[in-house]
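>
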Amino acid sequence: MRGVWRVADVRAAEETLLRELPDGTLMQRAAAGLARRCALLLDRVYGAPVLLLVGAGNNGGDALYAGALLARRGARVTALLLSPDRAHREGLADLRRSGGRVRTAWSETIDAELVVDGIVGIGATGGLREPAVSIVEALRARTPRPIMVAVDVPSGVDVDTGAVEGAAVRADVTVTFGCLKPAHVAGPAAPLAGQVDLVDIGISLPAAPALRVPDAADLAGWWPRLHAGSEKYNRGVVGIATGSHTYPGAAVLSTAGALAGPTGMVRYAGTARAEVLQRHPSVVAADSVADAGRVQAWLCGSGIGTDADARAALSAVLATDLPVVLDADALGMLVDGSSADRLRDRAAPLVLTPHDREFARLAGEPGPDRAAAAHRLATSMNAVVLLKGDRTIVAAPDGETWVNPTGSPALSTGGTGDVLAGLLASLLAAGLPAVRAAVTAAYLHGLAGRIAAERGPVTAPDVAAALPEAVATITN
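Residues in the sequence shown are numbered consecutively from 0, following numbering that gives the first Met the number 0.
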């Protein structure tokens, strides 16, 4: 697990350390890490043309000091000052002493194999302004395109939310200091960061991060393991109340997701039983939730519709004292608020899996800070919220919040959410706590999407077929 901290925590930690260190030490540490990474990106440092885009503030200072270190190794470093009167004085003096050149106006004649984005820092808001916009666009249009390295975060993004409200730098590599920030992992900004390299500069951060990013080791530790006494019942039985005569595919896909999970048996309850049994003969099928038999967790909603039978199924599932996943149509049936009290009063785990449009109907537009929005809904519903998207958010009522790193645009096709919901319900039935089940399901679902995309255009059945391979990455 990697922790992610917001700007206020980073600033407080830096201020504490600055009081203990000689002036300039922290910036020198950052600059040394930045220069080291830039040097590794160049075919050779000596003679390489390096351009520093230098704004006002400390990010510009980091860029200037790093440029000075590269210049001492023989690189041909040019600093383009976007705010000449506000450039970091000591850093600028160090660059000049090292043989670097300084420009105050852009020219197409400026050569660059590598560009360092030191335009704005972590305290900036809003998109890039001129002349930075035109300069960045001109550099990206070059052939060959220079390598773009961002200092701390790509300029033009909102650091705490990952929102991108205007023009922004698209980096190949971002060198960040002390810790990851939300813009590196969440929202539209995350893809703009490219590869993120973390430089330790010695700051001490709060024990609880604002966001958490899971890795394969986390999932491997959480995944239920088979043992000599394992059998289909003690591995968990998951109930699937999905699909309808109109949408039988939702039942087939959610069942496929559940079968890829760790449980020993899947019970299906609904009107698509014939289609489910045709595709998945190991499933035990019934016409209704009441007739399904004993399970350890329920999934309800995918393709079930909103008629009287669907509402009866939702009521029956919520009346149990079992963990429940509510997806798709079940979320739509919550919009009128009639089930709100029942949800808040449930003692058993509840997981909601909206995408942004479903979220908007439940709680209004999520806005630029999707992590905060997911937490608000989690608190109001007393549920874990899995807010689907390229960087899926998992938020719990107590504030614990995760960002999934494996999302893929390949998953933006009909039915993939059904597969995710089935896998999530299987993990709950196997005994995983709700947050871990949601984080694990999102991670493996995203990985399955990536695996499927390597083979060609992706459909939901392709994602379901790739899930066992994704699971194998953490269980083998």
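We put the CB at the ideal spot given by N, CA and C, even for glycine.
So the candidates are 34, 209 and 331; which of them puts its Cα closest to the Cα of residue 74?
34
> With residue 392 as the anchor, note down where its beta strand (DSSP E) starts and where it stops.
392-394
> Helix or strand or just coil, what does DSSP make of residue 401?
strand
> Taking only three categories from DSSP, how would you classify residue 178?
It is coil, neither helix nor strand.
> Could you check which residue in 290, 266, 289 and 291 has the C-alpha nearest to that of residue 280?
The shortest Cα separation from residue 280 among 290, 266, 289 and 291 belongs to 266.
> In three-state terms, what does DSSP make of residue 117?
Secondary structure at residue 117: strand, using DSSP grouped into helix, strand and coil.
> What separation, rounded to the nearest whole angstrom, lies between the Cα atoms of residue 320 and residue 346?
Each residue's alpha carbon lies about 7 Å from the other.
> Where residue 216 and residue 475 are concerned, what is the direct C-alpha to C-alpha distance, given to the nearest angstrom?
In this model, residue 216 and residue 475 are separated by some 12 Å (Cα to Cα).
> Mark residue 14 as exposed unless 16 or more other C-beta atoms lie within 10 angstroms of its C-beta, in which case mark it buried.
exposed
> Where does residue 357 land, buried or exposed, given buried means 16+ other C-beta within 10 angstroms?
buried
> Name the one or two DSSP bridge partners that residue 297 has.
DSSP, once it has assigned bridges, lists 238 and 323 as partnering residue 297.
> Report the residue from 365, 313 and 360 whose alpha carbon sits nearest the alpha carbon of residue 341.
The option with the nearest alpha carbon to residue 341 is 313.
> Going by DSSP, what residues sit across from residue 76 in a beta bridge?
As DSSP reads the structure, residue 76 sits in a beta bridge with 49.
> What's the call for residue 0, buried or exposed, on a 16-neighbour Cβ count within 10 Å?
Flag for residue 0 reads exposed.
> On a CA-only basis, which of 433, 78, 100 and 67 is nearest residue 323? Give me that one, please.
433
> Do residue 377 and residue 395 have their C-beta atoms closer together than 7 Å?
yes
> Check for me: the beta strand (DSSP E) holding residue 264 runs from which residue to which?
Residue range 264-268 is occupied by the beta strand (DSSP E) that includes residue 264.
> Could you check if residue 140 is buried or exposed, using at least 16 other CB atoms within 10 Å of its CB as the buried criterion?
By the 16-neighbour rule on beta-carbons within 10 angstroms, residue 140 is exposed.
> Compute the beta-carbon to beta-carbon distance between residue 326 and residue 301, rounded to the nearest angstrom, for a pair I have assumed lies under 8 Å.
5 Å
> Distance check for residue 295 and residue 169, CA to CA, integer angstroms please.
46 Å
> Check whether chain C comes within 7 Å of residue 309, counting only Cβ atoms and requiring the distance to be less than that.
Within the model displayed, chain C is absent; a lone protein chain is all it includes.
> Touch check for the stretch 377-390 and the stretch 275-293: three-plus C-beta pairs under 8 Å?
no
> Nearest to residue 152 by alpha carbon, out of 179, 129, 293 and 132?
179
> Compute the distance between the beta-carbons of residue 62 and residue 150, then report whether it is under 7 Å.
yes
> When the Cα atoms are used, what is the spatial distance from residue 195 to residue 69?
20 Å
> Do you know how far the Cα of residue 104 is from the Cα of residue 431?
59 Å
> Could you give the DSSP three-state label for residue 159: helix, strand or coil?
coil
> Using the C-alpha atoms, what's the distance from residue 9 back to residue 53?
22 Å
> What residues match up with residue 194 in a beta bridge as DSSP calls it?
Beta-bridge analysis with DSSP links residue 194 to 172.
> If you compare alpha carbons, which of 316, 332, 22 and 165 is closest to residue 304?
332
> What do you get for residue 39, buried or exposed, if any count of 16 or more other CB atoms within 10 angstroms of its CB means buried?
Under the 10 Å beta carbon count, residue 39 is surrounded by fewer than 16 other beta carbons and is classified as exposed.
> Within 10 angstroms of its Cβ, does residue 20 collect 16 or more other Cβ (buried), or is it exposed?
exposed
> Would you list the one or two residues that DSSP bridges to residue 482?
Any property of residue 482 remains undetermined from this structure, which presents the chain solely from 0 to 475.
> Since residue 499 contacts residue 49 with CB under 8 Å, what's their CB separation in whole angstroms?
This structure does not reach residue 499, given that the chain is present from 0 up to 475, and the question cannot be answered.
> Run through the stretch 323-365 for me and flag every whole alpha helix (DSSP H) of 4 or more residues, listed as ranges in chain order.
328-331, 339-344 and 355-362
> For residue 210, which three-state DSSP category applies?
strand
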